[in-house]
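Single-structure report; data block below.
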Amino acid sequence: MLANNPTTILDFFNDAKDRFEEVDSVFGTIPGEPGFGLGPRFNSRSCAACHAQPTVGGSAPGHNPQVVDAIADGAHNIVPTFITPTGPVREARFPFFFTAGVPDPSRPDGSVQDLFTIANRSDAVGCSTVAISQPDFANAQAQNNIIFRIPTPVFGAGLIENIEETSLLNNLAAQSGNTLGIHGTFNRNGNDGTISRFGWKAQNKSLEIFAGEAYNVEMGVSNELFTQERPLSTEELASGLPPICKLNATPEDHTNFNSTAIDTMSDTVQFAMFMRLLAAPVPSNTTPGGSGSIVRGNKLFESIGCIVCHTEQFTTNPSSITTSLHNANALLFSDLEIHHMGTTLADNVSQGTAGGDQFRTAPLWGVGQRIFFLHDGRTTDLLAAIAAHSSSGSEATQTVVNFNALAPGDKQHVLNFLRSL
Amino acid sequence: MLVTLCCLMLQAIPPNVILVKGAVPGASDSSTPLPEGGAVRERAYENGYFGLTYPLPADWTENVLGPPPSDGGSYVLSTLIPSEKVTGAGIAPIRGSVLISAQDLFFNENPATNAKEVVAYVRGRLPRSQSVERAPAEVRIGGRTFTRLDYGAPIAGLHWSLLATDVRCHAVEFVFMARDTATLNGLVAGLAKTKWSDENSVPVCVADYAVPANVVTRVEPLFPVRRFNSIPVRLIIDLEGRVRHVHVISAFPDQTTAITQALLQWRFKPYVVDGKPREIETGLEFGSTPRHTASR
Numbered sequence: 049m050l051a052n053n054p055t056t057i058l059d060f061f062n063d064a065k066d067r068f069e070e071v072d073s074v075f076g077t078i079p080g081e082p083g084f085g086l087g088p089r090f091n092s093r094s095c096a097a098c099h100a101q102p103t104v105g106g107s108a109p110g111h112n113p114q115v116v117d118a119i120a121d122g123a124h125n126i127v128p129t130f131i132t133p134t135g136p137v138r139e140a141r142f143p144f145f146f147t148a149g150v151p152d153p154s155r156p157d158g159s160v161q162d163l164f165t166i167a168n169r170s171d172a173v174g175c176s177t178v179a180i181s182q183p184d185f186a187n188a189q190a191q192n193n194i195i196f197r198i199p200t201p202v203f204g205a206g207l208i209e210n211i212e213e214t215s216l217l218n219n220l221a222a223q224s225g226n227t228l229g230i231h232g233t234f235n236r237n238g239n240d241g242t243i244s245r246f247g248w249k250a251q252n253k254s255l256e257i258f259a260g261e262a263y264n265v266e267m268g269v270s271n272e273l274f275t276q277e278r279p280l281s282t283e284e285l286a287s288g289l290p291p292i293c294k295l296n297a298t299p300e301d302h303t304n305f306n307s308t309a310i311d312t313m314s315d316t317v318q319f320a321m322f323m324r325l326l327a328a329p330v331p332s333n334t335t336p337g338g339s340g341s342i343v344r345g346n347k348l349f350e351s352i353g354c355i356v357c358h359t360e361q362f363t364t365n366p367s368s369i370t371t372s373l374h375n376a377n378a379l380l381f382s383d384l385e386i387h388h389m390g391t392t393l394a395d396n397v398s399q400g401t402a403g404g405d406q407f408r409t410a411p412l413w414g415v416g417q418r419i420f421f422l423h424d425g426r427t428t429d430l431l432a433a434i435a436a437h438s439s440s441g442s443e444a445t446q447t448v449v450n451f452n453a454l455a456p457g458d459k460q461h462v463l464n465f466l467r468s469l
Numbered sequence: 020m021l022v023t024l025c026c027l028m029l030q031a032i033p034p035n036v037i038l039v040k041g042a043v044p045g046a047s048d049s050s051t052p053l054p055e056g057g058a059v060r061e062r063a064y065e066n067g068y069f070g071l072t073y074p075l076p077a078d079w080t081e082n083v084l085g086p087p088p089s090d091g092g093s094y095v096l097s098t099l100i101p102s103e104k105v106t107g108a109g110i111a112p113i114r115g116s117v118l119i120s121a122q123d124l125f126f127n128e129n130p131a132t133n134a135k136e137v138v139a140y141v142r143g144r145l146p147r148s149q150s151v152e153r154a155p156a157e158v159r160i161g162g163r164t165f166t167r168l169d170y171g172a173p174i175a176g177l178h179w180s181l182l183a184t185d186v187r188c189h190a191v192e193f194v195f196m197a198r199d200t201a202t203l204n205g206l207v208a209g210l211a212k213t214k215w216s217d218e219n220s221v222p223v224c225v226a227d228y229a230v231p232a233n234v235v236t237r238v239e240p241l242f243p244v245r246r247f248n249s250i251p252v253r254l255i256i257d258l259e260g261r262v263r264h265v266h267v268i269s270a271f272p273d274q275t276t277a278i279t280q281a282l283l284q285w286r287f288k289p290y291v292v293d294g295k296p297r298e299i300e301t302g303l304e305f306g307s308t309p310r311h312t313a314s315r
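So the sequences go chain by chain: S and X. Going by this note's numbering, the first residue of the first sequence is number 49, and it counts up by one from there. Going by this note's numbering, the first residue of the second sequence is number 20, and it counts up by one from there.
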C-alpha cells in the first residue's frame, strides 16, 4: 500500500497484520497464543510463522517453525522426516488414496494431510492420541505417494487480484506468436468459469477464498467460508473427525457482532485485506552483481524466452478500494496461466482444470529474497530450479535449451537479474 | 479373491510419471494418423498425419518429449539437440536445437490463417532483445514452399531460423537455433532431405464446414460434469457426409467420450467439388469458453 487512501485504510492493514501474526491455540487462552480455534488438525499455529521470508507475507523461512509447532503446549506429535529445522515449511498431500495400504492410481486424492493434531495439548483436554492420530507419512513416503507444497508468498496479491481478465486473455493471445512450444491456459472457477489466479495451481478465485481455505486447512480454524472442521480425506469417507477432539462451536472465526469498526471483521476477511494491501517486492537495481549485470540479465531473460510465461507486468483495473491498486503497474513476472511442467515437477494433484503436471507460472517478484524454490521447496539453488523446468511433457523445455546455449557468464547475469527481483 | 488379485497388482507410485492428467487428446479410432502421433524412429522424425519424414542431423538426438496439444490447437512435435548434450560432455554451451511444431489454423489464437501469416505474426511480435536477420520471404527447400524468417538475439549470441509450411490447414514449423550462422544455415539446408507424402491422398481441409447450413443431423453431446475449458475438435467427413473420424485435441476424458459419441451420429451434406464428393477434414469447438467464432 503506497498511500493511506482512504485515510482509515492503514488501521485496517495494521489490524490485519496483527491477526496474520497471531499465534493460535484451541481456545485462545494460552498466554501468547490468543488466536482461537486451532485444530483438531493443523500444519502450523500462525500464518506469519510460515509466510515469513524475508518478512511477514513471504515464503518459507530458514528456520522451520513446524518443529516447534509439533510439540507446543504438550502436544505429542512426531515430526515427519521431511520436516527439518533448516528445511522448508511444508504441507503434505497424498496424490492417491490407499487400498489395503498400497497407493491406488484409480483413486486420486490430492488433499492436504495435516501434519499435526492437537492431541494431548494442555488446552485439548479429552483429545488424546487414542482418539486422533497423525497420517502415516512414513508409509506414504516409502511408496512414493506423497508430495509437498511450501507457502506461496503473498506480496502484491492485491495487484494480482485487480488485474482485469481481458488483460490476461490479451496476453494469452499475444503469446501465441512464440516459437518455443509454449501454450498455456487458465484455471477457471468452477462456479462461474471466470479465471482463478491464486495458489500454486491458480485454483482459487479470490483472496478471501484463498484465506478462508488456508485458515481451515493449514490451521484447522473453521470460518465463514469453510464452516466445518476439516477431517482428513480418509476420515471424510468414514465418520469424520473424532467428536471428542472437536472442542469449539463452529465456525470458530466469524464476524464479531459485539464489536465496532475494524474489530467487527472476521480474521478471514482481514487476512484477505492484509494480502490485498501488502506491497509488492521492490527490485534492486544494483544487487547482486551490479546494475550492468542486472540489466544484461534482464535482456537475456527476455531474449531466450523466459518472459513468455514470466510476463513482466500488467496494469491493474481501476480500484474501488484504494488508489494504490488503481491502474497500478504490477511487475509480477507471471502470466497467471497454468502450464504443463513435465514429469520432473508433476505432483499428480489436480485442482480445478489444472492436471497433475500443470502449475501456475509462479510470480518471480521477490524471488531474490527467497530461500527455497519451486512448489515443494526442493532446492535452494536457482540453477537447479531452472533445470527442473525441462523434462518430458514440459512447455519450458525449449526455453531451458536456450538458457543452456548461453555462455556461462551470461547465465550468471540471468541469475543476478533473478536475484535482484 | 478378486480384491486380493486387484491389490496384489498395486505397488509404489513410480517416480516422474504423470498419472493424473488434465485435458489430453483423444480420438475415435487408433488407425487414423494424428498430429501428435509422430515419433523419432531410426534417426528420423516421422509423422504420418503431416506426411513428413525429417532425418535428424548427424550426431543429433531427440530431447525430451513435448507437452500435450494445447486447447488452442498447438503441438510440440519433436525437439532435437546435439548428442553431446545428452552425454554431458563438459559444460560448454549447447550449440543448437531443432523444434518441430504445428499450429492448427482452425483454432489459432491469433489472426494468422496460413503459414505465411504465422511467420508475419511472429516477426511483428519479436521481443525488444531480438532483431530480424532475414526478413520473411518464401523459399523452396526440397521442392516444398516455406516462409522463412531469421532472427537473432545479439545480446545472447543466439540465432534462429523459422521455416513454416502449410499442411492440412496447419502451419508446420521448423525452428532452428544455433550459436553461429554457419551451423544455423547447415540445419536449414538439412531440411531439404525431408520427405513429404502426396497431399492428394488426404482429406481436403475445409474451415468452418460444421455450420448449420451443412449439418443435416446434429446430436448434442451430454457432458456429465460442467467445466469451462475450450475443446477444439477435428473431424473427417466421408463422401456420404458421415463422420468417419473424430479427433478431440484437448479435453477431459468424459468430455472426449461425450463429444465423440455425439459427433459420430452427425450427418453432413457431402462436400462436392466439380460435381464430385470429396472427403474433408474440418474443425469445431465445444466448451463454455470457446476461443473462436465460426467466421474468421
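Just so it is clear, CB atoms sit at the ideal spot from N, CA and C, and this is done for glycine as well.
Can you pull the chain X residues whose beta carbon is under 9 Å from the beta carbon of residue i, in chain order?
i, result
"S/Gly-441", "Ile-37, Val-83, Leu-84, Gly-85, Pro-86, Pro-87"
"S/Arg-197", "The premise fails here: S/Arg-197 is roughly 15 Å from chain X at the closest Cβ pair, so nothing lies under 9 Å."
"S/Ser-438", "Asn-82, Val-83"
Please list the partners that residue i has in chain S, where partner means a Cβ-to-Cβ separation under 8 Å.
i, result
"X/Ile-32", "Pro-143, Phe-144, Pro-151, Pro-153, Gln-191, Asn-192, Asn-193, Asn-396"
"X/Val-230", "Under the 8 Å cutoff, chain S gives no residues; its nearest Cβ is about 24 Å from X/Val-230."
"X/Pro-146", "Glu-350, Ser-351, Ile-355"
"X/Asn-127", "Ser-224"
"X/Leu-118", "Thr-227, Leu-228, Gly-229, Gln-446"
Going along chain S, which residues have a C-beta under 9 Å from residue i?
i, result
"X/Thr-98", "Gly-229, Thr-445, Gln-446, Val-449"
Select from the options the residue whose C-alpha is nearest the C-alpha of residue i.
i, options, result
"X/Gly-143", "S/Asn-168, S/Ser-224, S/Leu-207", "S/Ser-224"
"S/Phe-144", "X/Thr-276, X/Glu-103, X/Thr-202, X/Ile-32", "X/Ile-32"
"S/Ala-444", "S/Gly-353, S/Ala-376, S/Phe-246", "S/Gly-353"
"S/Ser-102", "S/Ser-351, S/Trp-413, S/Phe-451, S/Gly-441", "One point to set straight first is that residue 102 of chain S is Pro, not Ser, in the sequence displayed. Comparing Cα-Cα distances from S/Pro-102 to each of S/Ser-351, S/Trp-413, S/Phe-451, S/Gly-441, the minimum goes to S/Trp-413."
"X/Gly-161", "X/Ala-211, X/Asn-248, X/Val-238", "X/Ala-211"
"X/Val-151", "X/Leu-181, X/Phe-125, X/Asn-127", "X/Leu-181"
"S/Leu-255", "S/Thr-200, S/Gly-345, S/Ser-215, S/Met-267", "S/Thr-200"
"X/Leu-124", "X/Val-221, X/Ala-156, X/Pro-54, X/Ala-175", "X/Pro-54"
"S/Glu-360", "S/Arg-138, S/Leu-216, S/Gln-161, S/Phe-60", "S/Leu-216"
"X/Val-230", "X/Gly-70, X/Pro-74, X/Glu-304, X/Gly-205", "X/Glu-304"
"S/Phe-146", "S/Thr-282, S/Leu-431, S/Phe-451, S/Ala-455", "S/Thr-282"
"X/Pro-222", "X/Leu-99, X/Asn-204, X/Asp-199, X/Arg-263", "X/Arg-263"
Between residue i and chain X, is any beta-carbon pair separated by less than 8 Å?
i, result
"S/Arg-408", "no"
"S/Asn-452", "yes"
"S/Lys-253", "no"
"S/Leu-220", "yes"
"S/Thr-132", "no"
"S/Arg-245", "no"
I need the boundaries of the alpha helix (DSSP H) containing residue i, first residue and last residue.
i, result
"S/Lys-65", "57-69"
"S/Arg-467", "456-468"
"X/Lys-295", "No alpha helix (DSSP H) contains X/Lys-295, which is instead part of the beta strand (DSSP E) from 295-297."
"S/Tyr-263", "255-267"
With residue i as the anchor, note down where its beta strand (DSSP E) starts and where it stops.
i, result
"X/Tyr-290", "290-292"
"X/Gln-122", "115-123"
"X/Ser-97", "93-101"
"S/Ser-181", "Looking at the DSSP string, S/Ser-181 is not in any beta strand (DSSP E), and its letter there is neither H nor E."
"S/His-346", "In the sequence as displayed, the identity of residue 346 of chain S is Asn instead of His. Looking at the DSSP string, S/Asn-346 is not in any beta strand (DSSP E); the run it does join, the alpha helix (DSSP H), is 339-351."
"X/Val-194", "189-197"
"S/Ser-154", "150-156"
Which residues in chain X sit within 7 Å of residue i, going by Cβ to Cβ distance?
i, result
"S/Pro-156", "Val-39"
"S/Lys-347", "Ser-148, Ile-174"
Please confirm whether residue i has its beta-carbon closer than 8 Å to some beta-carbon of chain S.
i, result
"X/Gly-109", "Reliability of the predicted coordinates at X/Gly-109 is poor, the pLDDT of 49 falling under 50, and the value obtained from them is presented with this limitation in mind. With 8 Å as the cut-off, X/Gly-109 does not count as an interface residue toward chain S."
"X/Phe-320", "There is simply no residue 320 of chain X to check, as chain X begins at 20 and stops at 315 in what is shown."
"X/Gly-302", "no"
"X/Ile-113", "yes"
"X/Tyr-140", "yes"
"X/Ser-102", "no"
"X/Val-262", "no"
What residues from chain S crowd round residue i, counting only those whose CB sits closer than 7 Å?
i, result
"X/Leu-181", "Thr-227"
"X/Asp-90", "Thr-233"
Can you list the residues of chain X that residue i reaches, using a CB-CB cut of under 8 Å?
i, result
"S/Gly-404", "Ile-37, Leu-38, Val-39, Lys-40, Gly-41"
"S/Thr-427", "Near S/Thr-427 there are no residues of chain X at all, since even the closest Cβ is about 16 Å away, more than 8 Å."
"S/Asp-424", "Residues of chain X passing the Cβ test: none, with the nearest at roughly 14 Å."
Q.
Give me the subset of the region 158-174 of chain X whose CB atoms are less than 7 Å from a CB atom of chain S, sorted by chain position.
A. Ala-172, Ile-174
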